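Have a look at the structure below before the remarks.
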């Protein structure tokens, strides 16, 4: 899979996923920052691969207790109760 042209010469790490969390775009900035090649990641992994397994497991337990439902360790931990910061344009 090739990257959309806007991601190739970007000075930032860009990673996108599908609705199941599988990485679809992993640009050169992401390769440099995280040490994985696009071929290793795209279509095969979720962003949870970049996190400490123990920390993901601990967060799954915390979320499961807090929400009173099972939150499996993995991508769901990253998206359940995820905070979002939006930049709002002025004017």
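Numbering (this note's numbering), first residue to last: 7 to 97. Don't be surprised by glycine CBs; every beta carbon is placed ideally from N, CA and C. On a predicted model such as this, the values are computed, not experimentally measured, just so you know.
Item                                                                                                    : Value
Residues near residue 18 in its chain [Cβ-Cβ closer than 7 Å; skip 5 each side]                         : 35
Rounded distance between the beta-carbons of residue 29 and residue 51, thought under 8 Å               : 6 Å
For residue 84, the nearest candidate out of 44, 53, 46 (CA to CA)                                      : 53
Beta-carbon separation (whole angstroms), residue 62 vs residue 79, contact threshold 8 Å               : 5 Å
Residue environment, residue 75, which counts as buried when at least 16 other CB atoms sit within 10 Å : exposed
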